[in-house]
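Participant: Numbering (our numbering), first residue to last: 116 to 735.
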């Protein structure tokens, strides 16, 4: 075979595969001779290559380095190594300089007022604990109390130890306590990242579990069917004359020696549905603990079944609960509890009930009234409307739920509009406090709930990439809602005509005569009996114990406040009030305002909306 010689002329290529390098070397001289006799004269370059001897080729090879798979110039190889080592030395020098030169750390910004107040507000729940206290309770003037609750009542004869005292007394009311636990759980579900960032997530989970464990104790939570609930421990009615009970006596909870009867209900739809909401929402908080979460869900389902089968108000008939926490209806609890049961289980039957038009009608969704849109321990409808609006914003279940969900969404927008001062739906004090209870005493518990609803709804809109909402023809950005919430909470924290913080322990000036038995009696080793504690109730001296984080009842409609222990309308804190405060504070705290979009739907299966029914056939 002949190929083209790069120097010109034909070059023969042998096909003898057995030819070796030695054979080619021996024929090298013959090749040169053949080339020299070629008819074509060679130029000087060609002659220099052909005449180069073995010694000259060796000197050429020294200019290259054989790397096995690559032959490179020795000069380039040495330069490359030098550059690599140089870069490495420079990087090491820079690293050394960075590590040795002192750095000026920018200090973390101090926590905002909402975060500071939140740390304190959570401590109130530690002060309200009943039963054997944990070692880390961190309230020095509290101890074990109520250790015979339930067992001392011959009609009950079972332990009802634990839970929380409602307010400044030592009564355990399930109805407001359940609402308080639901609000706390809701706030954790939405803002668990914020709680974790400030180091309070474990604390508030412990608070919720303490309350949930007690609620499980007030009925047969291991059964699928029940016929009663222990609705209250202790008695507060003093209308029957001087009789030692939780309101007549003024004693430290640790020293109680008077009878503490248990009030049981056999038909209490409102209470059972609210307790169901509390346990269902807590099951989402504790979804990382599968066994405990399932226990909570089972208890919630048992309560829900009881609520639906035994229709009655828990506070009917002039009972003791009716004098302090009277429930006006159970329909709003059905919507509220059904919503939480759906979110905890994913069972669509709960959502079908919560969104049934007749249920909404009975709950008051289609009529106004002075308390429309005011979330409280008695009126859960505004909370349920916001919760179901969240479902529509993020999941959009479609038919058959869309009609009532759209209605609730529109009504939520109207409620948010009513909070704005431009519409004058509610009066305001000269200091700017919204009068959601129309000038009646103890206004702050309603204000904090509204602040939470406004803040969390604003965050829902932001998370759904919705810049605002309409009030009639007027568009308002979401920032307006947060500003409303901030102005109300700022008022509570001290920006008011009295220049007083209504959260004990926050700020330079706060109530010192809180209506609270445990805080007003010194822990000095002396046991003061039922009437013996009256001197501590009536003294004008400040409380010897500071109940940190307690939000008192608040000022009157003229921004006036009387720091008087005997006037509970000004100075008594409550579980429900503080729960709303905690929820509002966490929503406003920190720099971010995003909610956890997905955790609340962790039990909800994928939704495949059914097509709506075809329209009725046309008739002329």
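The C-beta atom is built at its ideal place from N, Cα and C for all residues, glycine as well. Small disclaimer: the values here were computed from a predicted structure and weren't measured.
(1) Which ranges does the alpha helix (DSSP H) cover as unbroken runs of at least 4 residues, wholly within the region 309-392, from first to last along the chain?
(2) Among residues of its own chain, excluding the 5 on either side of residue 652, which ones have a beta-carbon nearer than 7 Å to its beta-carbon?
(3) Apart from the five residues on each side of it in sequence, which residues of its chain come closer than 8 Å, Cβ to Cβ, to residue 735?
(4) Below 7 Å between beta carbons: does that hold for residue 558 and residue 564?
(5) Between the region 380-387 and the region 659-667, do three or more beta carbon pairs fall short of 8 Å?
(6) In its own chain, which residues sit with a C-beta less than 6 Å from the C-beta of residue 536, not counting the 5 before and 5 after it?
(7) When the distance is taken between beta carbons, is residue 514 closer than 7 Å to residue 720?
(8) In chain order, what residues of the same chain have a beta carbon less than 7 Å from the beta carbon of residue 208, not counting five sequence neighbours either side?
(9) Expressed to the nearest angstrom, what Euclidean distance is found between the alpha-carbon atoms of residue 244 and residue 291?
(10) Less than 7 Å between the beta carbons of residue 454 and residue 503, yes or no?
(11) Taking 7 Å as the cut-off, decide whether the C-beta atoms of residue 520 and residue 507 are in contact.
(12) Might you give, ordered along the chain, the residues of its own chain that have their beta carbon closer than 6 Å to the beta carbon of residue 302, omitting 5 neighbours on each side?
(13) Look up residue 190 in the DSSP assignment and say whether it is helix, strand or coil.
(14) In angstroms with no decimal places, state the Cα-to-Cα distance between residue 655 and residue 612.
(15) Would the region 406-419 count as touching the region 320-334 if we require 3 or more Cβ pairs under 8 Å?
(16) For residue 658, which beta-bridge partners are listed by DSSP?
(17) So the candidates are 323, 307, 257; which of them puts its Cα closest to the Cα of residue 715?
(18) Is residue 609 helix, strand or coil by DSSP?
(19) Looking at the structure shown, is residue 77 part of a helix, part of a strand, or coil, going by DSSP?
(20) Just tell me which of 498, 372, 349, 630 has its CA closest to the CA of residue 469.
(21) So who's on the other strand from residue 246, going by DSSP bridges?
(22) What does the Cβ neighbour count give for residue 314, buried or exposed, with the cut at 16 atoms within 10 Å?
(23) Check whether the region 334-345 touches the region 416-429, taking contact to mean three or more Cβ pairs, one atom from each stretch, closer than 8 Å.
(24) Quick one: using the 10 Å Cβ neighbour count with 16 as the cut-off for buried, is residue 687 buried or exposed?
(25) Enumerate in chain order the residues of its own chain whose CB-to-CB distance from residue 631 is below 6 Å, with the five nearest sequence positions on each side excluded.
(26) Going along the chain, which unbroken runs of the alpha helix (DSSP H) with 4 or more residues stay wholly within the region 507-561?
(27) Residue 278 and residue 258 look like a contact to me (Cβ under 8 Å); what is the Cβ gap, rounded to whole Å?
(28) Quick one: is residue 599 buried, meaning 16 or more other Cβ sit within 10 Å of its Cβ, or exposed?
(29) Can you give me the Cβ contacts of residue 554 inside the same chain, cut-off strictly under 6 Å, excluding the 5 residues immediately before and after it?
(30) Assign residue 482 to one of three DSSP states: helix, strand, or coil.
(31) Is it a yes or a no for the region 639-648 touching the region 582-589, going by three-plus beta-carbon pairs under 8 Å?
(32) Evaluate residue 608 with the Cβ neighbour count: other Cβ atoms within 10 Å of its Cβ, from every protein chain shown; 16 or more gives buried, anything less gives exposed.
(33) Going by C-alpha distance, which of 211, 648, 487, 198 is nearest residue 363?
(34) Leaving out five residues before and five after residue 438 in sequence, what residues of the same chain have Cβ atoms less than 6 Å from its Cβ?
(35) Starting from the N-terminal side, write out each stretch of the alpha helix (DSSP H) that is 4 residues or longer and does not extend beyond the region 686-735.
(36) Ordered along the chain, which non-local residues of its own chain (more than five positions away) have a Cβ less than 7 Å from that of residue 442?
Facilitator: To lay it out plainly:
(1) 316-332
(2) 365, 635, 680, 681
(3) none
(4) no
(5) no
(6) none
(7) no
(8) none
(9) 15 Å
(10) yes
(11) yes
(12) 698, 701
(13) helix
(14) 23 Å
(15) yes
(16) Beta-bridge pairing links residue 658 to no other residue.
(17) 307
(18) coil
(19) Coverage of the chain is limited to positions 116 through 735, which leaves residue 77 absent and any answer about it impossible.
(20) 498
(21) 260
(22) exposed
(23) yes
(24) buried
(25) 283, 662
(26) 517-534
(27) Wrong, their Cβ atoms sit about 16 Å apart, outside the cutoff.
(28) buried
(29) 672
(30) coil
(31) no
(32) buried
(33) 648
(34) 352
(35) 690-703
(36) 290, 385, 428, 429, 430, 493
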